[in-house]
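Heads up: the structure comes next, in structure tokens.
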Amino acid sequence: MPPSPPPFQDNQWQFLTALEALGAPVSLSVAQALAPIDSRSLDQLLAHCREKGWIQDAGEGLLRLSSRLPEKLRLDLEVRNTDRLNGLLADTIEDLGLTETLGPEIMARIQARAGRMDKAGEIEVERAHQSLARKDHDEAYRRLSRGVAMLHSHITMGRIGVDRLYTESTLELSNLSYAVGRGMRVLSAYLKTAIGVARNSGDDRSHALACLHMGRLMAYYGRPGEAMALLIQGKEEVERLGDSDIHKAAAEFLGLCSIHQGKFLEAVGYFQTAEQSFAQNQDRLLFYPTILWNLGITLFFNGQVPRALGFFHSYWILARDMGWSAVACIARALLGLALATARKNPQALHHLQEALKDATQANNEYALFIARAGMAIHAYYEDRNQESFAILHQALVEGRQAATAPMLSSLFIVDMLPEFNRQERDASLGKWNYQRQMERAMNQEGVLSNGVGMRLRGEQRLRNGESPLLAMEDFESSIRQFQKVGAVFAQNKTFIAAAMLHLSEGNQGQAADVAFKVWQRIRGMGLDKDLLPVELQRLLDEQGRWQEAEDSLENFIARYMNALKVLDQIEDEDELLYEVIRRQLLLLIAERGVLFVPDPNDEASLIFRTGCNLSRQETGSPSFRASLDLVARAFHEDAVIVEGLPQDPDAPAELGRRRALALPILAPGHLRGVIYLESMYVNDAFDLVPHSLLKLGAEHLARYVHNLVECIRLRQEASRLASFKEIRFGQRKDDSIITRSRAMFQILEQAEMAARSEATLLVTGETGTGKELLVKRIHHFSNRSKGPMVTVDSTTIPENLVESELFGHEKGAFTGADSRKLGLIEMAHEGTLFIDEIGELPPQTQVKLLRALESRTFHRVGGAQAVKSDFRLVAATNRSLAKEVEQGRFRQDLYYRLNVIHLVLPPLRERGDDVIVLARHFLDHYCSKYGFKPLNFNRRDEDMLTAYSWPGNVRELKNVIERAVILSGGRRPALDIRDGVQAEGRDFFSGAPTMEEVQRRYITKVLEKTKGRIDGPGGAAEILGMKRSTLYSRMYKLGLKDVGKKE
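In this text, residue positions in the sequence shown follow the UniProt record's numbering: the first is 1, and each later residue adds one.
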């Protein structure tokens, strides 16, 4: 017979059941609070279980169920722990304020077991964001996967309430899956659900992005038809929405769509936007490898070779330093591949060998394919064809990597295939053999592929002895195709093929002209003449044409002026300064660049402002110290400096030295700072332009950019003010605080001292004590007094619109969001944000507000781009936030953020003679307002005023005096507080009612007084000192529905 269950009492079973539900070590006091048990029963239970080894002491006074617990007993406990009991346990934890004590992991477990997948999922998503903040992608992926799975379960069961959280979290998981390289299979189901949820909830933005994410996933799985349909659908929806935020959020996917359509040059623009968004929003946007190879490769074949090399190098360093090992390995492999293609053999070999070693150890399939392809190219250009073919065969056939090779990878390896075909080696390459690749290029839709195919066919015609005219027609067609999409590097190869054909036909003049054109381009990319065949090098040497390619000053100035024209079209300051550096890289043939500007707190020091291929993290590293010294010298000496700088101490000698330029921009009254540019792999042009011209150009650039920045700021300010419904500047005449109370004078003195700081303030006090007046005074005496004071009354905003009001929303974020709306935080830029009754904010809004406080950036609802706002927060409440934290209704971390300076306003009953002083003030004010001659109080009136306790404080006094003036008839104040007191103090206890009946009577009275109004100043929730949601819940339980409403 199976053993019978232990003879536990009910309270002992409940205690064990609670331990099983918690599933983690807890203190004895917490366990007793959740499952009350008398001391005797507890002692008996613990003695029995410890003897059996069923309960384990986990140290520090904690205990838990042990792994030695019999399976039958464990199953009994799990059966007893029904959904309902887990739900009651979760509610008890919240009611007792134990949420913070137990922590999010336990709470997520209990909520999930209670069937509350929405709450459990929300907890896991928040934990994932915390992991992301620590740059722990693997842990973030595990938590976000659990969170999205829980939210997905909640939605597929037909439940509501988490639509936006689900769609946003699913899109985050999609990006994170690429960053960690796993989880693609389940992602398809999540994205499909997200598309449906976004469509049904009217969230056009999330719907567009979800379609694009699904399109990228289909491309990953090699389903181009489905991928293209989804990408085009998403692109059309993005263009219909039309704003800059959605275009930036979708940029990487739009670039992918352009590549599929063969629009190579268009793709470069999209990928640049995506990369810039990442650089500016690293707190929000995850770095996923698709941007890395798509932008880097498109830049390379677009002819922006220096920037492509700098891009790969920069993100290799960034990913390595951030601990993103998989991304670092891919970036380094791509760097080596590009260097090998550019014939930078020593540097290429070093990076490829290191990338291959790391990729092999980590079994990184992407990086293995890329590194092996690069090693094959390196061997090929060093005339080691047999070795080259063996490496390529390993990558394409023996390994699995080619199945998931990044798009455009064939552009790197295709030039080796004709030689392998001639040697009759390539048949073993399967679908990658020369004939298959040529047919694929000719038949595949896309201008870029056709350009490659035309060149291959022309070269094949010549090898087969066909007409040179037919081959030249193919070359000319290839050149035109590459011209359409801006594939400059690939086009150079076709030009070289055409030049070699001219040379073989004896047309040396034509061959030299074409070869010279290619040389000009190669030189403009900072590359060597080794890219030209030896025959063409000899031809140019014989004709003495090398020097003709020298860049003239006229050409330099023309390129400089063309760069300025692009800047005029930019409407964002960060984007403008980024584009300035990017254009300098192109102008001076550099790989990486940074703009340093004076530190606002120390004009003699410089800080990072923006960079292209150089991150803030790298410029702060020890390896960059020599560059910073160079920048400081240029700034303080106002001199252009060009120097060679050492590489990292661990770098091998073959990598050489960095070549750096520090260009000061010190135009008086305009933009000030230093532009720093450097190159490591390409031949730079820093010495080709006179330093005096560089200096003159920098001064002109400073003035030009300064004017553009001012125009951008003025347009943004005009837009902000146009959207502002209510901005309160300065201090109005009726905003003064009247007092003779010593306690109030102390508060006012503290407020004036606090006003001059930038610290967050918390103002507390009973309803009607004048919290908003005090905040206005703080704003008036602050350094932000010339800026706006934006007031947010949390009690008057419906819960589902709180985030939209505070943070704003983008067009299409939800049904009815027909245009972009600026949020109140954004409107408070350079001013004061006052949030009244901050305890009313929903939990999710508290999280977003905390992030905005910490980073001074936030995201509009439905938006992907970070919005900056320099605001000072002052909050107020009539409740104890400390108690709210204990009860789990207010976030502890936000409370600590708010409670830097705490001002407590005393109630009117504790302000002594202020009752009479204020009553006289209000009496004069309302006599004037209603056209009566001045009135006075008699002694009886003043005694009545001081005898009353004024539960509504100054607000109630003000209302009483206004009523007294209106009913006075211009003779004497009709002050009759006693009736009011009797009405307010009516006996609620007649008939010995139950506690529930007393609550029903009192709430009914308050609702009658407010005519059924719940929210806002003077509403029932405020008078009762309850949260709006709590009052509604209480009314429902008491059967109160339409009490106090007008018929």
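Backbone N, C-alpha and C fix where the C-beta goes; we use that ideal spot for every residue, glycine too.
Note that the structure is predicted; figures quoted are calculated from it, not measured.
By how many angstroms is the C-alpha of residue j removed from the C-alpha of residue i?
i: residue 55; j: residue 68; result: 8 Å
i: residue 257; j: residue 208; result: 13 Å
i: residue 66; j: residue 106; result: 17 Å
i: residue 319; j: residue 135; result: 11 Å
i: residue 252; j: residue 434; result: 31 Å
i: residue 621; j: residue 52; result: 57 Å
i: residue 210; j: residue 267; result: 20 Å
i: residue 949; j: residue 1022; result: 18 Å
i: residue 747; j: residue 586; result: 60 Å
i: residue 892; j: residue 912; result: 36 Å
i: residue 744; j: residue 866; result: 41 Å
i: residue 582; j: residue 836; result: 45 Å
i: residue 311; j: residue 293; result: 10 Å
i: residue 339; j: residue 351; result: 9 Å
i: residue 618; j: residue 317; result: 8 Å
i: residue 363; j: residue 322; result: 20 Å
Between residue i and residue j, is the Cβ-Cβ spacing less than 8 Å?
i: residue 345; j: residue 387; result: no
i: residue 908; j: residue 959; result: no
i: residue 881; j: residue 890; result: yes
i: residue 846; j: residue 894; result: yes
i: residue 173; j: residue 187; result: yes
i: residue 1073; j: residue 591; result: Given a span of 1 to 1047 for the chain in the structure shown, any question on residue 1073 remains unanswerable.
i: residue 367; j: residue 329; result: yes
i: residue 779; j: residue 860; result: no
i: residue 369; j: residue 395; result: yes
i: residue 777; j: residue 917; result: no
i: residue 878; j: residue 765; result: yes
i: residue 738; j: residue 921; result: yes
i: residue 905; j: residue 763; result: yes
i: residue 998; j: residue 876; result: no
i: residue 274; j: residue 255; result: yes
i: residue 624; j: residue 674; result: no
i: residue 708; j: residue 576; result: yes
Apply the 10 Å Cβ neighbour rule to residue i and answer buried if 16 or more other Cβ atoms are within range, or exposed otherwise.
i: residue 615; result: buried
i: residue 314; result: buried
i: residue 613; result: buried
i: residue 931; result: exposed
i: residue 431; result: exposed
i: residue 296; result: buried
i: residue 189; result: exposed
i: residue 221; result: exposed
i: residue 156; result: exposed
i: residue 428; result: exposed
i: residue 802; result: buried
i: residue 18; result: buried
i: residue 167; result: buried
Tell me the start and end of each unbroken alpha helix (DSSP H) in the region 481–524 that is at least 4 residues and wholly inside, in chain order.
Those alpha helix (DSSP H) runs which fall completely within the region 481–524 and span 4+ residues are 488–504 and 508–524.
Entirely within the region 596–675 and at least 4 residues each: give me those alpha helix (DSSP H) ranges in chain order.
With a minimum length of 4 residues, the continuous alpha helix (DSSP H) runs that stay inside the region 596–675 are 616–619 and 625–637.
Quick check on the DSSP output: what are the complete alpha helix (DSSP H) runs of length 4 or more inside the region 16–58, in order along the chain? List check, alpha helix (DSSP H) in window: 28–34 and 39–52.
Inspect the CB distances between the region 783–794 and the region 829–845 and report whether three or more fall short of 8 Å. In short, these stretches touch, since the Cβ pair count reaches three.
So, do the region 929–937 and the region 961–968 have three or more beta carbon pairs nearer to each other than 8 Å? Yes: at least three Cβ pairs fall under 8 Å.
Validate contact between the region 121–128 and the region 144–153 using beta carbons, cut 8 Å, 3 pairs | Cβ pair count under 8 Å is three or more, so yes.
Three-pair Cβ contact test at 8 Å for the region 792–810 versus the region 748–759: No: the two stretches stay apart, fewer than three of their Cβ pairs being nearer than 8 Å.
Stretch-stretch touch, CB-based, cutoff 8 Å, three pairs: the region 474–493 with the region 440–455 = In short, these stretches touch, since the Cβ pair count reaches three.
- Message: Check whether the region 194–207 and the region 801–816 are in contact - that is, three or more C-beta pairs closer than 8 Å.
- Response: Result yes; three or more Cβ-Cβ pairs closer than 8 Å.
With three or more C-beta pairs closer than 8 Å as the rule, is the region 705–712 touching the region 566–581? Put simply, the region 566–581 touches the region 705–712. At least three CB pairs are less than 8 Å apart.
Query - Complete alpha helix (DSSP H) runs within the region 135–210 (minimum length 4 residues, chain order) - result: Counting only runs of 4+ residues, the alpha helix (DSSP H) found wholly inside the region 135–210 occupies 137–156, 163–180 and 184–201, in chain order.
Please confirm if the region 1010–1017 is in contact with the region 859–873, defined as three or more CB-CB distances below 8 Å between the two stretches.
The region 1010–1017 makes no contact with the region 859–873; the number of CB pairs closer than 8 Å stays below 3.
| Is it true that the region 299–310 meets the region 524–531, where meeting means three or more beta-carbon pairs spaced less than 8 Å apart? | Touching, per the Cβ criterion.
Which parts of the region 879–945 are runs of the alpha helix (DSSP H), unbroken and 4 residues or longer, counting only runs that do not cross its ends? Assignment of alpha helix (DSSP H) within the region 879–945, counting only whole runs of 4 or more residues, yields 881–886, 892–898 and 914–929 in chain order.
> Between the region 659–667 and the region 559–566, are three or more C-beta pairs nearer than 8 Å?
Replying inline: The region 559–566 and the region 659–667 do not touch, with fewer than three beta-carbon pairs separated by less than 8 Å.
Notebook entry, point to check: Would the region 469–476 and the region 506–519 be scored as touching if the rule is three or more Cβ pairs under 8 Å?
Noted result: Under the Cβ criterion (8 Å, minimum of three pairs), the region 469–476 does not count as touching the region 506–519.
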